[in-house]
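Novice: Let me give you the structure first, and then I'll get to my questions.
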Amino acid sequence: MTDLNGKQEAVRNAIASLKDKPGALLPILHSVQDALGYIPAESIPEIAKALNLSRAEVHGVISFYHYFRETPPGKHTVHVCRAESCQAMGSKRLESHVKSKLGIDYHETTADGKFSLEPVYCLGLCARSPSMQIDDAVYGRVTDDRFDEIVNELETSL
Amino acid sequence: MSITVYVPSDSCAVSMGADQVAAAISKQAQNRGLEVNIVRNGSRGMYWLEPMVEVATAAGRVAYGPVQKSDVEGLFEADFLNGGAHELNLGLTEELDYFKRQQRLTFARVGITDPISLDDYIKHDGYRGLKNALAMNSADIVKHVTDSGLRGRGGAAFPTGIKWNTVLNTPAEQKYIICNADEGDSGTFSDRMIMEGDPFVLVEGMTIAGLGVGATQGYIYLRVEYPHAEETLNAAIAAAYEAGYLGDNILGSGHSFHLEVRIGAGAYVCGEETSLMESLEGKRGLVRFKPPLPAISGLFGKPTVVNNVISLASVPIILDKGGDYYRDFGMGRSRGTLPIQLSGNIKHPGLVESAFGLTLRELLYDFGGGSASGRPIRAVQVGGPLGSYMPESQFDTPLDYEAFSAIWAVLGHGGIVVFDDTVNMAEMARYSMEFCAVESCGKCTPCRIGSTRGTEVMDAIINGDNLSKNIPLLRDLCDTLLNGSLCALGGMTPYPVLSALNHFPEDFGGHDQANAA
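Chains as they are written, first to last, in my numbering: chain A, 20 to 177; chain B, 114 to 630.
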């Protein structure tokens, strides 16, 4: 199966299983992004057609929400919490450390495609600030050293 | 006989290594040929002790914490399965001062039961409220909620009974119950704790709401940042359907209620109820003009109850024990209990559920133990990113909606974020403007443009540029945001900004300029 076919299949499955729900667009977009890691531009016309929307409307929804992305993410996505509780416990320092360790800014992906970096406004782990999430795993009380340790471990497992 | 050991699956406990601890306990027990039954419970909310492992003994549950996986072998050596002495032994969980001093109504089961076990839920008084509700008519259900004095725990504090009554009295062929689980405020995590630690109480509360107003469909709009909560809620909903507590003909009563979790996509503004409904309808989360109220024309144009997680999770106990029972907690017009969340720079961060009326000082020092850094506490932000920054002179304010609004502060969702004296309040004011700019839905000009201009003006102030002009300009912008915005995002961003300026003028380039306007 070619990559293109794989993408088309994910999009078709999402549409087929969810299009009859009231307010189906967000569930469909989530399903596509869960399967592919992003929402490919070429899927927009198909989604629009299935929901009787214009392509502009679908694009407008994708671009409104911070979570949806139209480009493939790196192998691992690092979400650093920027909210007040984490700031009170030194997240600004951690943010600059993370950026310099990965060599990228927010919304960027490392050249080798291993890591993407995204800000998040509250993971609800405020009682153990500063916090972050990498893929599905959550981390509280993150220090510079602990971040390095986690990232080095992920690097060697790649 | 197997011994029951509790290791929280709460995501904040997991963020501190709870999964690894559970695995290590299971492995050690196996190696030693001991029978251990590990229950993944919610968190008791004493997060500085997480992962907190509890062992069921004849005397009660004995706590050990904070436990790391490297401690597990030593715990077995110390016979912790029988409550043995160890440096991490904290004694009986329910005798811990922080826990013992609380009044837990909404959180009665959190940290105690297995969150996804319906049997456990029922064994601990679950579904008693629904059973009472099934024997009443709609108006009586709503009357209990009205009598309880319950006000929306999401922030606006609107009386829940009045909202329900409006939906009840608006005729329509379809009505909806929406649970606003888009808890996006920094320093708040009580919704997350309920959803991860006792999801059935939310499911039960929504079912009762459905019976109360005549709605047969409910949606939980959950933020995408809470994948653990999604998993727990879906497991609870599936179990409730399976046992006939959800679906058509609930427990043979002839009433129906269906429930589904919908996931947001990282937009803070979707915590505003009209944006939330737009999002549920599959659109950009743009704020709607009000009126019409959602109670009259809400989701898909139908009458809709939109309540916060904690409001809905407080309903089962009201229907179980009666509106009067709940109303007898609290002070003034703030009735019942409020789950308060302590976070930021504090020694003992966690959840404290208590009747309204505790003061900030009691929370910060008696419960919280002062700052984590050991430095003086300089400012606390209460009620999320749109709440005021409060200086020490206001720490004796009791937790009460009216007492807070009297000093131009908000209690909101009960989140308290603590800052020590290293904080720069001008930087925090700048952050509030930046946050508003990032999260604005863009529909109204004061919020969309005002927040971007506000960030620029704050940059100039931080640089010390032309303060005599820029500080009045900041106040003027705040006035426009406050009075001209469509919703609370733009309308409340001035709270953190102006409170920082008013209470901490020295961080804005000196007293004179800041107080000139």
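From the three backbone atoms N, C-alpha and C, an ideal C-beta is built for every residue, glycine too.
(1) Taking 8 Å as the threshold (beta carbon to beta carbon), is P92 (chain A) in contact with chain B?
(2) Pull up the CB-CB distance for F134 (chain A) and V99 (chain A), whole angstroms please, since I reckon it's below 8 Å.
(3) Going along the chain, which unbroken runs of the beta strand (DSSP E) with 3 or more residues stay wholly within the region 322 to 355 of chain B?
(4) Looking only at C-alpha atoms, which of B:I350, B:G310, B:E355 sits nearest to H341 (chain B)?
(5) Tell me whether the region 143 to 152 of chain B and the region 158 to 176 of chain A touch, counting them as touching only if at least three CB pairs, one residue from each stretch, are closer than 8 Å.
(6) Counting only Cβ pairs nearer than 7 Å, list the residues of chain A close to N458 (chain B).
(7) When DSSP builds the beta bridges, which residues end up paired with L292 (chain B)?
(8) Please determine if the region 496 to 511 of chain B and the region 455 to 475 of chain B are in contact, where contact requires at least 3 C-beta pairs separated by less than 8 Å.
(9) So, does the CB of I116 (chain B) fall closer than 8 Å to a CB anywhere in chain A?
(10) Which residues of chain A have a Cβ atom closer than 9 Å to the Cβ of K556 (chain B), listed in chain order?
(11) Whose Cβ in chain B lies nearer than 7 Å to the Cβ of P41 (chain A)?
(12) For a contact meaning CB atoms closer than 7 Å, what does R397 (chain B) contact in chain A?
(13) Can you pull the chain A neighbours of C125 (chain B), defined as C-beta to C-beta under 7 Å?
(14) With distance defined between alpha-carbon atoms, name the residue in B:F469, B:I431, B:D227 nearest to P511 (chain B).
(15) Could you tell me the alpha carbon to alpha carbon distance between E89 (chain A) and A60 (chain A), rounded to whole angstroms?
(16) Determine, using beta carbons only, whether D163 (chain A) comes closer than 8 Å to chain B.
(17) At the 8 Å Cβ level, is F134 (chain A) part of the contact set with chain B, yes or no?
(18) Let me confirm a value: W521 (chain B) is counted as buried when at least 16 other C-beta atoms fall within 10 Å, else exposed. Which label applies?
(19) When the Cα atoms are used, what is the spatial distance from S564 (chain B) to A43 (chain A)?
(20) So the alpha helix (DSSP H) I81 (chain A) belongs to, where does it begin and stop?
(21) For a contact defined as C-beta to C-beta under 7 Å, what are the partners of V30 (chain A) on chain B?
(22) Listing by chain order, which chain A residues have their CB less than 7 Å from the CB of Q494 (chain B)?
(23) By the three-class DSSP mapping on this structure, what secondary structure does D625 (chain B) have?
(24) For the region 156 to 167 of chain B against the region 121 to 129 of chain B, are there 3 or more C-beta pairs whose distance is under 8 Å?
(25) Between which two residues does the alpha helix (DSSP H) holding R488 (chain B) run?
(26) With 8 Å set as the bound, which would you pick, yes or no: does the beta-carbon of F480 (chain B) sit closer than that to a beta-carbon of chain A?
(27) Beta-carbon within less than 6 Å of Y439 (chain B)'s beta-carbon, same chain only, minus the 5 sequence neighbours each way: which residues are those?
(28) Within the continuous alpha helix (DSSP H) that includes F87 (chain A), where are the two ends?
(29) Taking C-beta to C-beta, are G325 (chain B) and S424 (chain B) nearer than 8 Å?
(30) Alpha carbon to alpha carbon, how far is E547 (chain B) from I81 (chain A)? Give it in angstroms, no decimals.
(31) Return the bridge partner residues of M503 (chain B) from the DSSP annotation.
(32) Determine the DSSP secondary structure at L599 (chain B), reduced to helix, strand or coil.
(33) Would you call K288 (chain B) buried or exposed, if buried means 16 or more other Cβ atoms sit within 10 Å of its Cβ?
(34) For F508 (chain B), would you say it is in contact with chain C, using Cβ-to-Cβ distances shorter than 8 Å as the test?
(35) Please classify A629 (chain B) as buried or exposed, where buried requires at least 16 neighbouring CB atoms within 10 angstroms.
(36) Starting from L476 (chain B), find everything on chain A with Cβ-Cβ shorter than 7 Å and list it in chain order.
Specialist: In terms of the structure at hand:
(1) Interface annotation, P92 (chain A): not in contact with chain B, CB-CB separation never under 8 Å.
(2) Contact doesn't hold; Cβ gap of about 12 Å is too wide.
(3) If only uninterrupted beta strand (DSSP E) runs of at least 3 residues are considered, those enclosed by the region 322 to 355 of chain B are 330 to 335.
(4) The shortest C-alpha to C-alpha distance from H341 (chain B) to any of B:I350, B:G310, B:E355 is the one to B:G310.
(5) Segments in contact, no.
(6) What N458 (chain B) touches in chain A: A107, M108.
(7) The residue asked about is misnamed: residue 292 (chain B) is Cys in this sequence, not Leu. Beta-bridge partners assigned by DSSP to C292 (chain B): B:I333, B:N420.
(8) The region 496 to 511 of chain B, when compared against the region 455 to 475 of chain B, does touch it at the 8 Å Cβ threshold.
(9) Under the Cβ distance rule, I116 (chain B) does not count among the residues neighbouring chain A, no pair being separated by less than 8 Å.
(10) Chain A residues near K556 (chain B): none, gap ~11 Å exceeds 9 Å.
(11) Those are F413, listed as they occur along chain B.
(12) Those are G79, V80, F83, listed as they occur along chain A.
(13) Neighbours of C125 (chain B) on chain A, chain order: L144, A146, R147, G159.
(14) Proximity to P511 (chain B) across B:F469, B:I431, B:D227 peaks at B:F469, based on C-alpha coordinates.
(15) Roughly 7 Å between the two C-alpha positions.
(16) For D163 (chain A), the answer is no, since every Cβ of chain B falls outside 8 Å of its Cβ.
(17) F134 (chain A) does not count as touching chain B.
(18) Exposed is the label assigned to W521 (chain B), since fewer than 16 other Cβ atoms lie within 10 Å of its Cβ.
(19) When the Cα atoms are used, S564 (chain B) and A43 (chain A) turn out to be separated by approximately 32 Å.
(20) Where I81 (chain A) is concerned, the enclosing alpha helix (DSSP H) starts and stops at 74 to 83.
(21) Against V30 (chain A), chain B offers no close residue; the least beta-carbon distance is about 16 Å (beta-carbon pairs closer than 7 Å).
(22) Neighbours of Q494 (chain B) in chain A, taken as residues whose beta carbon is under 7 Å from its own, are E103 in chain order.
(23) Because D625 (chain B) sits at a pLDDT of 49, beneath the cut-off of 50, its placement in the model cannot be relied upon, and the following sentence gives the value as read from the coordinates. Correct three-state label for D625 (chain B): helix.
(24) The region 156 to 167 of chain B vs the region 121 to 129 of chain B: in contact.
(25) Per DSSP, R488 (chain B) belongs to no alpha helix (DSSP H) and is neither H nor E.
(26) No, its Cβ sits nowhere closer than 8 Å to a Cβ of chain A.
(27) Result list for Y439 (chain B): S261, I431, G449, in chain order.
(28) Secondary structure note for F87 (chain A): it is in no alpha helix (DSSP H), with a DSSP letter that is neither H nor E.
(29) By the CB criterion at 8 Å, G325 (chain B) and S424 (chain B) fall outside the cutoff.
(30) When rounded, the separation of the alpha-carbon atoms in I81 (chain A) and E547 (chain B) is 22 Å.
(31) Under DSSP, M503 (chain B) takes part in a beta bridge, and its partners are B:V493.
(32) Coil at L599 (chain B), not helix or strand.
(33) With 16 or more other Cβ atoms within 10 Å, it is buried.
(34) The displayed structure is made up of protein chains A and B, and chain C is not among them.
(35) Here A629 (chain B) scores only 48 on pLDDT, less than 50, and its place in the model should not be relied on; the value that follows carries that caveat. Label assigned to A629 (chain B): exposed.
(36) Those do not exist, as L476 (chain B) stays about 14 Å from chain A at its closest Cβ, beyond 7 Å.
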